[in-house]
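A.B. asks: Dumping the structure here so I can ask a few things about it.
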Amino acid sequence: MIRLFFLKLLILIPSIGIAQGLITNTINRNTTTLNGTWHYIIDPYETGYYNYRYEPYDEQVNNDNRAFYNNYHTDDKLELVEYDFDKSPTLLVPGDWNSQSESLLYYEGTIWYKKSFDYQISNPSNRLFLYFGAVNYKAEVYLNGHKLGTHIGGFTAFNYDISSIVKPKNNYLVVKVDNKRSKEAVPTINTDWWNYGGITRDVKLIEEPQSFIQDYSIQLKKGNNSIISGFVKLNNVSKKEKVTISIPELNINKTIEISTNNDIEFEVKAKNIQYWSPESPKLYAVYIKTDYQTLEDQIGFRTIEVKGPKILLNGNPVFLKGISIHEENPMRAARAFNEADALVLLNWAKELGCNYVRLAHYPHNEHMVRLADQLGMMVWEEIPVYWTIDFKNENTLNNAKNQLTEAITRDKNRACIIIWSMANETPPSDARNKFLIDLVNHTKTFDNNRLISAALETHNKDGVQIVDDKMGEYLDIVAFNQYIGWYGGSLENAPNAKWDIKYNKPVVISEFGGGALQGLHGTIAERWTEEYQEYLYQQNLKMIDKIPNISGMSPWILVDFKSPKRLLPIIQDGWNRKGLISNNGIKKKAFYTLQEYYNNKKYE
Ligand code: GCB
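Here the numbering used here is used: the first residue of the sequence shown is 233, the next is one more, and so on.
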């Protein structure tokens with residue numbers, strides 16, 4: 233009983249495994265995977281979290297042992313325990329739960345995951361971190377009965393220092409995952425994609441020395457193509473440390489001294505850089521070294537800027553030949569999460585003739601951006617500030633900012649990412665403008681190098697398509713979605729559409745498209761046929777060519793994707809059919825229309 237009391241006391245201390253700043257470049261670190269099978273309990277009433285007075289167990293003084301994260305020490309046989317992880321079924325991690333069990337297809341709520349593991353720290357002075365690539369949407373994490381913390385946001389990574397809690401044997405890791413939608417969340421209740429729940433990305437243990445390289449930025453300096461600059465951040469500095477940044481192929485060896493846990497900036501001149509571009513996606517081996525550690529990364533160097541109405545990559549005008557992509561493997565009808573999934577999606581984009589992809593509508597997994605770096609695919613990365621977000625809500629803003637911070641922190645060294653997008657199709661109002669301007673300013677404090685955009689909307693006045701959203705003033709690229717020929721407007725007249733775009737900035741069509749069921753054929757006048765979709769692309773492309781300052785596009789969308797909003801039987805059956813490729817991986821006619829357009833596209 234004494235032991236039990238002691239453990240109960242510990243549980244009352246919130247977040248004992250302190251949530252640390254995000255550790256980046258986990259792919260090149262010393263890690264041990266916790267992927268694999270995890271036991272799970274479906275808990276729609278959150279019985280493992282609230283007592284019968286609906287008070288959370290982990291905030292109670294009189295804690296009892298029925299909390300699901302707590303049975304690690306239920307050695308008191310008198311305790312009533314109404315669950316048993318080890319007799320419960322398993323799910324694969326990473327992976328969404330919806331695609332792994334028929335009964336979970338539409339489930340939105342809480343599922344408890346549990347994994348036991350052993351871990352012997354290789355050196356007693358080392359530290360151990362628990363890292364999640366992403367959990368959708370809210371994760372409450374407990375290790376050996378201690379609460380490590382809560383993470384909100386389904387598409388970004390987080391980690392906890394578990395050095396003082398982990399044991400060599402039988403660690404008991406429990407995660408409460410809740411994907412209930414709510415009005416004030418990011419995204420909000422209403423979206424056009426599947427709300428996949430679960431531990432959807434890799435889980436790993438990261439072993440690090442006492443004082444270690446947590447994060448760094450190594451990029452070309454803004455407005456300069458021969459100075460590499462950035463910062464290094466060490467974790468737990470107790471004395472002056474020497475850190476060397478070396479890029480052997482560029483003969484760079486820059487040593488800086490660090491004696492605080494803050495970001496320490498550096499600058500170094502570089503000669504004869506082979507710049508990263510879609511045609512030649514050169515990545516350099518970069519080493520960051522301390523007395524205790526050498527961390528490698530593969531980093532490309534390129535400049536990206538706008539000049540009047542042009543986007544310049546390495547000083548040259550570039551047209552963004554793009555396509556939008558959801559993070560979904562259509563053949564599995566599931567969240568995409570690994571390198572093989574990323575390869576399928578990006579290879580299709582390559583085959584289409586793309587040099588650019590819009591990763592919609594949230595940050596995708598790290599394999600995707602790493603691969604885009606290697607394949608030479610420029611990227612638009614965005615956060616799920618989508619449609620009718622609760623713009624007046626301060627917590628919603630902080631949540632969006634946090635997701636943005638986590639996305640930028642993870643991906644800021646990827647040359648492929650040229651655009652951070654703040655939002656998609658958000659209805660203009662003072663509150664919305666304030667919210668988005670705040671996000672723009674926030675982005676600039678983390679990364680003043682990349683371009684900032686958002687997918688806006690047009691409105692029609694006397695037959696003229698107008699883009700005058702106030703946000704245009706704050707964005708580097710004026711991007712908008714338009715669906716002429718699908719959600720209204722005549723396809724026949726589309727090529728003659730008149731445009732009034734208020735800003736002298738590069739214009740990117742972030743979406744256009746229409747649905748087709750692969751294999752359904754008919755005339756160009758019949759919706760849902762491949763011929764209708766093909767005609768829609770032909771007419772839209774003619775129209776887009778005439779839009780002033782047009783600098784690129786990312787039609788909607790590469791592959792059919794699952795959406796609970798898409799209810800038309802036989803045609804949709806729960807799939808948004810605007811893909812150029814079907815959910816079985818078969819290309820529709822419009823794929824070849826766009827491919828031909830991209831292959832012949834001339835631009836200066
Ligand atoms: C849009 C949204 C996208 C939808 C698409 C559609 O404008 O940005 O998320 O899936 O339209 O298919 O209607």
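Where is the CB? At the ideal position from N, CA and C, for every residue including glycine.
Quick caveat, the model's predicted, so the values are computed rather than measured.
#1: CB-CB under 6 Å to E439, same chain, minus the five flanking residues each way: which ones, in chain order?
#2: Rounded to whole angstroms, how far is the Cβ of R590 from the Cβ of G554, which I believe are closer than 8 Å?
#3: For Y516 and K453, what's the separation of their Cα atoms in angstroms?
#4: Taking the alpha-carbon positions, what's the I397 to F317 distance?
#5: Give the single residue among R759, M563, L668, N634 whose Cα lies nearest to the Cα of F793.
#6: How far does the beta strand (DSSP E) with A371 in it reach, from first residue to last?
#7: In chain order, what residues of the same chain have a beta carbon less than 8 Å from the beta carbon of S414, not counting five sequence neighbours either side?
#8: Following a CB-centred definition, is V656 positioned closer than 7 Å to any heavy atom of the ligand GCB?
#9: Quick one: what does DSSP say H674 is sitting in, helix, strand or coil?
#10: Which of helix, strand or coil does DSSP assign to E440?
#11: Using only the alpha-carbon positions, how far apart do E416 and L629 sit?
#12: Which of the three DSSP states, helix, strand or coil, is assigned to S786?
#13: At a cut-off of 7 Å, is H593 close to the ligand GCB when judged by its beta-carbon and the heavy atoms of the ligand?
#14: Whose C-beta lies closer than 8 Å to the C-beta of L337 among residues of the same chain, with five residues either side of it excluded?
#15: For R602, report the span of its alpha helix (DSSP H) as first-last.
#16: Classify L337 as helix, strand or coil using the three-state DSSP reduction.
#17: Look at the Cβ atom of Y769, then the Cβ atom of A822, and state whether they are nearer than 8 Å.
#18: Thinking just about the alpha-carbon of each residue, which of I496, L380, E311, G386 is nearest to the one in G327?
#19: Assuming H378 contacts V367 (C-beta within less than 8 Å), just tell me the rounded distance between them.
#20: Bridge partners for R664 per DSSP, in chain order?
#21: Taking buried to mean at least 16 other C-beta atoms within 10 Å of its own C-beta, is H593 buried or exposed?
#22: Quick test of the definition: if touching needs 3 or more C-beta pairs under 8 Å, does the region 777-788 touch the region 757-767?
#23: How is Y769 classed by DSSP in three states: helix, strand or coil?
#24: Using only the alpha-carbon positions, how far apart do E724 and K774 sit?
#25: From the DSSP output, in three-state form, read off T258 for me.
#26: Do you know how far the Cα of A502 is from the Cα of I484?
#27: Can you tell me the Cβ-Cβ gap for S556 and I789, rounded? I've got them flagged as a contact below 8 Å.
C.D. replies: The short version:
#1: Here the question's residue 439 lines up with position 207 in the sequence shown. Within the same chain, E439 has close Cβ partners N262, N358, L360.
#2: Counting from 1 along the sequence shown, the entry for residue 590 is found at position 358. Counting from 1 along the sequence shown, the entry for residue 554 is found at position 322. About 6 Å; that satisfies the 8 Å criterion.
#3: Taking the sequence shown and counting its residues from 1, one reaches residue 516 at position 284. Taking the sequence shown and counting its residues from 1, one reaches residue 453 at position 221. Near 16 Å, if we compare the C-alpha coordinates of K453 and Y516.
#4: The count along the sequence shown starts at 1 and reaches residue 397 at position 165. The count along the sequence shown starts at 1 and reaches residue 317 at position 85. Their Cα atoms are separated by approximately 21 Å.
#5: Position 561 of the sequence shown, counted from the start, is the residue given in the question as residue 793. When each option's Cα is compared against that of F793, the closest is M563.
#6: The sequence position of residue 371 within the sequence shown is 139, counting from 1. Residues 370-375.
#7: Residue 414 sits at position 182 when you count from the first residue of the sequence shown. So the list reads T420, I421, once near-sequence residues are dropped.
#8: In the sequence shown, counting from the first residue as 1, residue 656 sits at position 424. Correcting the residue type first, residue 656 is Asn in the shown sequence and not Val. Result yes, Cβ under 7 Å from the ligand GCB.
#9: Your numbering for residue 674 matches position 442 in the sequence shown. Of the three classes helix, strand and coil, the one that applies to H674 here is helix, per DSSP.
#10: Locating residue 440 in the sequence shown gives position 208, counting from the first residue. Secondary structure at E440: strand, using DSSP grouped into helix, strand and coil.
#11: Your numbering for residue 416 matches position 184 in the sequence shown. Your numbering for residue 629 matches position 397 in the sequence shown. If you take the alpha carbons of E416 and L629, they lie about 9 Å apart.
#12: Reading the sequence shown from its first residue, position 554 is the one you call residue 786. Coil.
#13: Counting from 1 along the sequence shown, the entry for residue 593 is found at position 361. Flag set: Cβ of H593 near the ligand GCB.
#14: Taking the first residue of the sequence shown as 1, we reach residue 337 at position 105. N330, S331, listed in sequence order.
#15: Counting from 1 along the sequence shown, the entry for residue 602 is found at position 370. Per DSSP, R602 belongs to the alpha helix (DSSP H) from 598-607.
#16: Translated into positions along the sequence shown, residue 337 becomes position 105. Three-state result, L337: coil.
#17: Here residue 769 refers to the residue found at position 537 when the sequence shown is read from its first residue. Here residue 822 refers to the residue found at position 590 when the sequence shown is read from its first residue. Cβ distance < 8 Å, so Y769 and A822 count as in contact.
#18: Numbered from its first residue, the sequence shown carries residue 327 at position 95. Its Cα nearest to that of G327, the residue G386 stands out among I496, L380, E311, G386.
#19: For the purposes of this step, residue 378 is taken as residue 146 along the sequence shown, with counting starting at 1. For the purposes of this step, residue 367 is taken as residue 135 along the sequence shown, with counting starting at 1. About 18 Å; that fails the 8 Å criterion.
#20: On the sequence shown, position 432 is the one that residue 664 refers to. DSSP, once it has assigned bridges, lists no residue as partnering R664.
#21: Residue numbering aside, residue 593 sits at position 361 when the sequence shown is read from its first letter. It counts as buried.
#22: no
#23: Here residue 769 refers to the residue found at position 537 when the sequence shown is read from its first residue. Y769 falls in the helix class under three-state DSSP.
#24: Position 492 of the sequence shown, counted from the start, is the residue given in the question as residue 724. Position 542 of the sequence shown, counted from the start, is the residue given in the question as residue 774. Their backbone Cα atoms lie some 11 Å apart in a straight line.
#25: Here residue 258 is taken as the residue at index 26 of the sequence shown, counted from 1. Helix.
#26: Against the sequence shown, residue 484 aligns to sequence position 252. Against the sequence shown, residue 502 aligns to sequence position 270. In a straight line, the C-alpha of I484 is about 7 Å away from that of A502.
#27: Taking the sequence shown and counting its residues from 1, one reaches residue 556 at position 324. Taking the sequence shown and counting its residues from 1, one reaches residue 789 at position 557. With 8 Å as the limit, S556 and I789 qualify as a contact, their Cβ atoms being about 5 Å apart.
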